[in-house]
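Per our numbering, the very first residue in the sequence shown carries number 1; after that it's consecutive. So the structure is just underneath, and the comments pick up after that.
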Amino acid sequence: MPKRTATISRKTAETTIELSLDLDGSGKVNAATGVGFFDHMLTLLGRHALIDFSVNAEGDTGVDAHHTVEDVGICLGLALAQALGDKKGIVRYGHMLLPMDEALAQVALDLSGRAHLEWHGAIPGEKCGEFDTCLGREFMRAFTQNGGINMHVDLLRAEDPHHALEAIFKGVGRALRTAVATDPREKGVPSSKGVL
Numbered sequence: 001m002p003k004r005t006a007t008i009s010r011k012t013a014e015t016t017i018e019l020s021l022d023l024d025g026s027g028k029v030n031a032a033t034g035v036g037f038f039d040h041m042l043t044l045l046g047r048h049a050l051i052d053f054s055v056n057a058e059g060d061t062g063v064d065a066h067h068t069v070e071d072v073g074i075c076l077g078l079a080l081a082q083a084l085g086d087k088k089g090i091v092r093y094g095h096m097l098l099p100m101d102e103a104l105a106q107v108a109l110d111l112s113g114r115a116h117l118e119w120h121g122a123i124p125g126e127k128c129g130e131f132d133t134c135l136g137r138e139f140m141r142a143f144t145q146n147g148g149i150n151m152h153v154d155l156l157r158a159e160d161p162h163h164a165l166e167a168i169f170k171g172v173g174r175a176l177r178t179a180v181a182t183d184p185r186e187k188g189v190p191s192s193k194g195v196l
């Protein structure tokens with residue numbers, strides 16, 4: 001099987017990002033975005049997906065973290081799509097019901113090439129330390145749009161914003177781990193259309 005890797009470089013007036021990814025890794029993540037809480041969430045996502053990736057980002061965090069978080073989502077989505085190639089032999093679908101203390105998140109995703117994000121349930125609180133909790137959704141929106149992912153996120157309950165976001169990011173990682181896996185019985189593209 002060919003290596004499922006990708007490297008993305010993106011430079012705008014707001015951010016400069018270098019990202020490399022290996023779908024068949026062991027969950028090693030090196031995240032240096034300048035946004036500590038976001039680095040923590042990315043590390044959880046990669047660890048639970050068993051995807052190796054490295055991301056270095058410089059952004060206008062003096063304004064806020066929005067552009068950095070969104071643009072890393074764009075780059076991670078682009079890298080995922082590139083590494084998946086024609087998607088032959090993949091499982092395609094993944095889901096996870098994930099508890100994190102009092103928080104419970106449900107994630108279902110399809111690597112269909114048809115980008116869509118459904119997000120239900122409010123993060124309890126506007127801040128997690130210095131991190132704007134609404135940026136969790138912004139990251140997932142950019143990730144799904146650029147990765148061609150149909151993703152449904154349901155935060156079923158939570159009292160702590162850190163636990164809520166952690167349950168979601170871990171849940172996405174676990175669902176992604178299943179979806180990108182190869183199925184030895186699947187000889188082509190997992191679609192009746194023959195293409196994804």
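A virtual CB, placed ideally from N, CA and C, is assigned to each residue, including glycine. Predicted model, so just to flag it, every value in this text is computed and none were measured.
Review point. According to DSSP, is Leu76 helix, strand or coil?
Key: To locate residue 76, count along the sequence shown from 1; it is residue 76. Secondary structure of Leu76 (DSSP, three-state): helix.
Check your understanding: Since Leu117 contacts Met140 with CB under 8 Å, what's their CB separation in whole angstroms?
Key -> Position 117 of the sequence shown, counting from 1, holds the residue named residue 117. Position 140 of the sequence shown, counting from 1, holds the residue named residue 140. Indeed they touch by this definition, with Cβ atoms about 6 Å apart.
Point to revise | Identity of the residues DSSP links to Met151 by a beta bridge | key: Locating residue 151 in the sequence shown gives position 151, where the first residue counts as 1. Leu109, Leu117, per the DSSP bridge assignment.
Point to revise | Exposure label - Met1; buried when at least 16 CB within 10 Å | key: To locate residue 1, count along the sequence shown from 1; it is residue 1. With fewer than 16 Cβ atoms within 10 Å of its Cβ, Met1 is classed as exposed.
**Study point:** Distance CB(Glu138)-CB(Glu70) smaller than 8 Å
**Key:** As a position in the sequence shown, residue 138 is number 138, starting the count at 1. As a position in the sequence shown, residue 70 is number 70, starting the count at 1. Closer than 8 Å, so yes.
Review point. Just to confirm, are Leu84 and Arg174 a CB contact at a threshold of 8 Å?
Key: Indexing the sequence shown from 1 puts residue 84 at position 84. Indexing the sequence shown from 1 puts residue 174 at position 174. Contact: no.
Practice item. Could you tell me the boundaries of the alpha helix (DSSP H) in which Arg10 lies? Key: The count along the sequence shown starts at 1 and reaches residue 10 at position 10. Unbroken run through Arg10 is the beta strand (DSSP E), 5-11; no alpha helix (DSSP H).
**Study point:** For Asp132: DSSP bridge partner residues
**Key:** Translated into positions along the sequence shown, residue 132 becomes position 132. Answer is Lys127.
Exercise for review: Kindly indicate the opening and closing residues of the alpha helix (DSSP H) around Ile206.
Suggested key: A question about residue 206 goes unanswered here, because the residues of the chain that appear run from 1 up to 196.
Review point. Just curious, the beta strand (DSSP E) that Gly94 is in, first and last residue?
Key: Taking the sequence shown and counting its residues from 1, the one referred to as residue 94 is at position 94. Counting along the chain, the unbroken beta strand (DSSP E) around Gly94 starts and ends at 93-100.
Review point. Just how far apart, CA to CA, sit His40 and Ala31?
Key: Translated into the one-based positions of the sequence shown, residue 40 becomes position 40. Translated into the one-based positions of the sequence shown, residue 31 becomes position 31. In a straight line, the C-alpha of His40 is about 8 Å away from that of Ala31.
Check your understanding: Can you tell me whether Glu130 is buried or exposed, with buried defined as 16 or more other CB within 10 angstroms of its CB?
Key -> Working through the sequence shown from its first residue, we reach residue 130 at position 130. It is exposed - the Cβ of Glu130 has fewer than 16 other Cβ atoms within 10 Å.
Review point. Thinking just about the alpha-carbon of each residue, which of Ile149, Ala167, Asn150 is nearest to the one in Arg157?
Key: If you number the sequence shown from 1, residue 157 lands on position 157. Per the Cα distances, Ala167.
Exercise for review: Starting from the C-beta of Leu165, find all residues in its chain whose C-beta is less than 7 Å away, skip the five residues before and the five after it, and write them out in chain order.
Suggested key: Numbered from its first residue, the sequence shown carries residue 165 at position 165. Met41, Ile123, Cys128, Thr133, Gly136, listed in sequence order.
Point to revise | Bridge partners - Arg141, DSSP secondary structure assignment | key: Your numbering for residue 141 matches position 141 in the sequence shown. Answer is none; Arg141 lacks a bridge partner.
Practice item. Just the C-alpha distance for Thr43 and Met100, rounded to the nearest angstrom, thanks. Key: Position 43 of the sequence shown holds residue 43. Position 100 of the sequence shown holds residue 100. Pairing Thr43 with Met100, the inter-Cα distance amounts to about 16 Å.
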